[in-house]
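Residue numbers (full-length UniProt numbering), protein chains in the order written: chain A, 1 to 558; chain B, 1 to 307.
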């Protein structure tokens with residue numbers, strides 16, 4: 001809580017200061033190359049390529065250097081001698097000069113240096129939505145004005161039909177300020193880990209739906225009456241982070257509860273935004289979870305305990321079902337169980353479906369890049385945009401950032417599959433190797449390697465994870481909610497409503513689930529949401545959405 | 001040599017010989033001992049737990065099996081951390097930053113406090129006011145950042161040492177201590193021909209060893225533990241102090257597994273590596289503390305009672 005308020009304070013500080021400096025810049029008489037689309041770029045073409053097309057190798061005409069912020073992951077701390085830096089310079093003539101910021105406080109420092117006017121040109125690792133705080137400061141470039149310099153970005157956008165996803169990052173001025181990572185398909189990683197040896201013992205199948213999951217838990221409880229068949233983790237700070245997200249999506253309550261919870265969900269029937277917490281689907285999710293708790297199938301401590309406590313219950317064999325992702329299954333559950341219950345077998349099951357059917361929801365946007373406004377006036381601006389396009393959006397650039405150099409860190413077989421070279425390991429794919437792809441070479445670095453085609457994403461997955469993804473890929477992806485960009489005043493009002501409403505819904509959700517409040521009070525609860533400015537909140541969003549629709553139809557006519 | 005020992009007051013109630021303790025008093029002692037033992041256990045447990053973790057295998061820690069004794073005993077984690085060059089680079093930075101910042105802070109705080117302790121100095125109220133004002137109002141994060149950056153202090157030890165050179169609390173404690181010294185001593189020194197600096201150096205400071213020791217400790221410990229200034233003003237990992245290194249290690253690994261970070265970030269740092277780093281980082285303070293903690297106690301009461 002403390003953290004958040006400090007961060008938001010920083011952000012607002014940054015915004016205020018930035019706005020002040022923008023005002024000053026407006027007074028000065030430097031001619032102002034501000035914001036005019038298709039502005040004259042003739043002075044900014046130094047070192048750029050005359051023609052730069054899709055999947056062409058970018059190379060600056062002479063060596064240049066660009067500054068960048070770098071999110072320093074303790075798992076692979078930055079090294080100046082990474083092959084990534086040297087090979088990048090060799091291929092593109094670009095040297096990146098990083099300002100290294102510890103991952104622990106990356107967002108704090110980013111706010112301060114943008115506010116202080118000291119930001120590097122490239123600001124990676126910006127999650128969609130985080131850029132909104134900096135837009136009014138005028139310190140960040142409206143990148144949507146310059147996507148014509150980025151053929152690969154436009155190509156992927158068209159090829160994967162991503163315009164709808166991209167519209168969600170539009171600001172009120174109809175522009176966007178972040179270049180998000182683009183995924184070909186929605187990537188689902190979180191599901192449940194289940195003990196298949198216990199299933200076999202009881203003659204049960206892997207549950208495919210929430211109803212089947214309920215029967216399985218019930219049968220487990222009958223066989224082991226003293227234990228809670230399911231315990232859960234990822235409850236701090238958001239109770240039921242992964243579990244309620246999965247449940248809620250299965251019932252069709254927007255992005256679900258837990259981590260996925262957003263105050264508003266789009267209701268296509270009425271073409272309006274509604275409060276997620278007041279949806280019947282959300283109520284159904286609560287009723288389901290409450291049933292699990294009431295029948296002692298789900299450990300009530302699931303919503304309060306730490307991850308370590310939950311892991312300990314699962315790995316010591318006291319519980320048989322727990323939330324998981326691909327990493328935790330391999331890194332935590334299996335090694336832990338191997339020590340206490342050697343006969344245990346555990347798998348990650350395809351996400352159980354519910355009334356919403358065989359669907360998946362999610363954005364295909366990944367964290368991405370902001371660019372400092374001051375870059376626009378640099379002579380190398382065009383070269384920089386081309387470089388960004390190559391590294392982050394071209395097939396070759398993405399393969400390079402993820403896998404490195406062919407023959408040195410990886411090889412490809414005839415069917416295009418990637419293999420690490422003998423002495424290189426990444427996420428345990430090559431356990432005997434002495435060097436690591438990210439630690440020793442700087443590839444598969446979260447700052448530069450993300451997004452891309454499903455084939456590229458899955459190239460580092462184990463076979464069982466590929467099987468999981470196969471099931472998930474076959475499910476239909478629901479369309480994303482329509483854009484509803486807020487203006488600065490609305491944004492401020494919005495953030496005043498946002499947190500209290502969210503906290504209240506999550507708090508009451510927990511009370512309902514744990515049985516502290518009977519579900520018969522559901523209507524009263526819906527009334528209480530009004531008291532938390534629920535109606536004003538919705539009219540804000542719906543107003544902005546209407547405005548967007550009008551602007552769009554108006555724009556199409558002209 | 002005159003020594004001032006402010007801890008001379010005995011706080012243990014003395015019993016006249018021959019009088020037996022009352023029953024109530026004995027019960028009080030037992031209860032007292034029990035409560036204090038509980039406090040000791042609560043305080044020591046996390047430390048012992050971390051120590052046990054540092055010698056344990058990662059798998060045992062992750063499945064929550066390590067409490068007071070190490071499981072899967074090994075010292076390979078220590079070897080791994082101690083052969084990590086960045087850890088030692090950051091460790092050296094911490095030592096350098098602490099020493100330089102403490103020296104600067106002591107120098108400035110001492111002279112400022114000495115000036116403030118002169119009651120007949122004109123404008124003394126303004127000087128006190130300037131210092132106290134900063135206790136309640138600060139320029140804010142971004143203005144500070146802009147200031148330090150435009151002074152060109154970024155990426156140097158001065159970014160850490162200068163903005164934090166005077167802690168107003170320490171300054172006021174020292175001022176109170178100096179005020180408690182007999183004026184006659186300084187008058188005598190002046191008669192014998194010492195100027196102001198000579199008086200400070202040869203008369204006042206030798207009499208103030210208690211407060212100086214306390215202040216050095218206050219400053220040194222706070223600089224050793226601090227991370228924010230370095231985090232803000234240093235742009236390269238080889239300039240960071242070990243506290244930032246540690247913070248990143250712990251926070252990074254807890255978050256990588258809990259907030260659904262993207263795949264490339266999900267590289268968890270071993271829980272045993274965290275534990276070893278914590279042990280090695282806190283070790284110097286832990287080793288020194290028992291020998292100097294009496295200065296901390298005396299430091300808190302310094303200037304509390306004006307003689």
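Just so it is clear, CB atoms sit at the ideal spot from N, CA and C, and this is done for glycine as well.
Through-space distance from residue j to residue i, alpha-carbon basis
i	j	result
residue 232 of chain A	residue 321 of chain A	8 angstroms
residue 489 of chain A	residue 178 of chain A	21 angstroms
residue 244 of chain B	residue 102 of chain A	7 angstroms
residue 275 of chain A	residue 386 of chain A	42 angstroms
residue 515 of chain A	residue 294 of chain A	7 angstroms
residue 374 of chain A	residue 57 of chain A	26 angstroms
residue 108 of chain B	residue 146 of chain B	23 angstroms
residue 351 of chain A	residue 156 of chain B	52 angstroms
residue 208 of chain A	residue 298 of chain A	18 angstroms
residue 484 of chain A	residue 468 of chain A	34 angstroms
residue 311 of chain B	residue 80 of chain A	Outside the displayed span of chain B (1 to 307) sits residue 311 of chain B, for which this structure offers no information.
residue 547 of chain A	residue 171 of chain A	12 angstroms
residue 23 of chain A	residue 135 of chain B	With a pLDDT of 36 at residue 23 of chain A, under the threshold of 50, the modelled position of that residue is not reliable, and no figure is offered here.
residue 61 of chain A	residue 92 of chain A	9 angstroms
residue 191 of chain B	residue 180 of chain B	20 angstroms
residue 98 of chain B	residue 250 of chain B	22 angstroms
residue 195 of chain B	residue 122 of chain B	18 angstroms
residue 293 of chain B	residue 277 of chain A	54 angstroms
residue 368 of chain A	residue 47 of chain A	25 angstroms
Expected contact under 8 angstroms - CB spacing of residue i and residue j to nearest Å
i	j	result
residue 150 of chain A	residue 389 of chain A	4 angstroms
residue 66 of chain A	residue 121 of chain A	5 angstroms
residue 473 of chain A	residue 460 of chain A	Incorrect: roughly 16 angstroms between the Cβ atoms, too far for contact.
residue 97 of chain A	residue 126 of chain A	That pair is no contact at about 19 angstroms.
residue 147 of chain A	residue 154 of chain A	6 angstroms
residue 229 of chain B	residue 159 of chain B	7 angstroms
Classification of residue i by the beta-carbon crowding that lies within 10 angstroms, buried from 16 upward
i	result
residue 110 of chain A	buried
residue 285 of chain A	buried
residue 445 of chain A	buried
residue 237 of chain B	buried
residue 434 of chain A	exposed
residue 120 of chain B	exposed
residue 355 of chain A	exposed
residue 193 of chain B	exposed
residue 540 of chain A	buried
residue 209 of chain B	exposed
residue 279 of chain A	buried
residue 158 of chain A	exposed
residue 234 of chain A	buried
residue 107 of chain A	buried
residue 63 of chain A	exposed
residue 520 of chain A	exposed
residue 249 of chain A	buried
Contact set between residue i and chain A, taken where Cβ atoms lie within less than 8 angstroms
i	result
residue 97 of chain B	Those do not exist, as residue 97 of chain B stays about 16 angstroms from chain A at its closest Cβ, beyond 8 angstroms.
residue 145 of chain B	112, 113, 115, 116 and 118
residue 149 of chain B	116 and 118
residue 247 of chain B	102, 104 and 105
Per-residue contacts from residue i into chain B (C-beta, under 7 angstroms)
i	result
residue 135 of chain A	Correct list: empty, because the minimum Cβ distance to chain B is about 17 angstroms.
Listed by chain order, chain A residues near residue i by CB distance under 7 angstroms
i	result
residue 86 of chain B	77
Neighbouring residues, chain A, relative to residue i (Cβ below 9 angstroms)
i	result
residue 251 of chain B	74, 102, 103, 104 and 105
residue 244 of chain B	102, 104 and 105
Closer than 9 angstroms at the beta carbon, the chain B residues around residue i
i	result
residue 99 of chain A	235 and 236
Proximal residues of chain B, C-beta to C-beta of residue i below 8 angstroms
i	result
residue 109 of chain A	231 and 232
Residue i: CB within 7 angstroms of a non-hydrogen atom of the ligand HEM
i	result
residue 346 of chain A	Ligands are entirely absent from the displayed structure, and the ligand HEM is therefore not among its contents.
Could I get the ranges of all uninterrupted beta strand (DSSP E) runs contained in the segment 199-286 of chain A, with 3 residues as the minimum, in chain order? 264-267 and 272-275
As an exercise, report each continuous alpha helix (DSSP H) stretch of at least 4 residues that is fully enclosed by the segment 74-134 of chain A, in chain order. 83-92 and 106-115
May I have a chain-ordered list of the alpha helix (DSSP H) segments no shorter than 4 residues that lie completely inside the segment 23-102 of chain B? 23-54, 58-62 and 76-82
Report the start-end ranges of each alpha helix (DSSP H) in the segment 184-239 of chain B that is 4 residues or longer and not cut off at the edges. 209-225 and 228-233
Which full runs of the alpha helix (DSSP H) of 4+ residues lie inside the segment 111-137 of chain B, going along the chain? Taken in chain order, the complete alpha helix (DSSP H) segments of 4 residues or longer contained in the segment 111-137 of chain B are 124-136.
Which ranges does the alpha helix (DSSP H) cover as unbroken runs of at least 4 residues, wholly within the segment 480-515 of chain A, from first to last along the chain? DSSP runs (the alpha helix (DSSP H)) wholly in the segment 480-515 of chain A: 488-514.
Going residue by residue through the segment 279-324 of chain A, where are the continuous beta strand (DSSP E) segments of at least 3 residues, counting only ones entirely within it? Scanning the segment 279-324 of chain A from its first residue to its last, the whole beta strand (DSSP E) runs of 3-plus residues come out as 321-324.
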